[in-house]
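Going by numbering that gives the first Met the number 0, the sequence shown opens with residue 0, and the numbers climb by one from there. Here the structure is laid out as structure tokens; the discussion comes afterwards.
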Amino acid sequence: MKDSLCAVCGGKLHSKKITIDRLVAGHLYLFENIPVQACTQCNEIWIPGSVAERMDQAIQGKLKPRKQIAVPVF
Numbered sequence: 000m001k002d003s004l005c006a007v008c009g010g011k012l013h014s015k016k017i018t019i020d021r022l023v024a025g026h027l028y029l030f031e032n033i034p035v036q037a038c039t040q041c042n043e044i045w046i047p048g049s050v051a052e053r054m055d056q057a058i059q060g061k062l063k064p065r066k067q068i069a070v071p072v073f
């Protein structure tokens, strides 16, 4: 994905990898090293459609997790 402008604020987008967490139906999913476009001005992130689709498949149980982590809940 080439650098472009943020649709929210007009700032410059740049490619980077981040960790994203999602809480779905009481289950916490952690996605590491996700390639995104991030705005340098407002910090909005844009996840490519193919990446978001793969995350959805993981949440639906169609992909095997690479590892599992125990998380304490208070």
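Cβ coordinates follow ideal geometry from the N, Cα and C atoms, glycine included.
Nearest to phenylalanine 30 by alpha-carbon distance, out of Gly10, Met54, Ser3, is Met54. For tyrosine 28, same chain residues with a beta-carbon under 6 Å away, outside a window of 5 residues either side, are Arg21, Ile58 in chain order. Looking at Ala24, Pro34, Ser3, the one whose alpha-carbon comes closest to that of isoleucine 17 is Pro34. In the structure shown, glutamine 36 falls within a strand segment according to DSSP collapsed to helix, strand and coil.
For cysteine 8 and isoleucine 44, the gap between their C-alpha atoms comes out near 12 Å. Of Ile68, Asn32, Phe73, the smallest CA-CA separation from alanine 51 is found for Asn32. Here the C-alpha atom of lysine 11 lies approximately 15 Å from the C-alpha atom of isoleucine 46. Checking the DSSP bridge columns, you'll see lysine 15 partnered with Val35.
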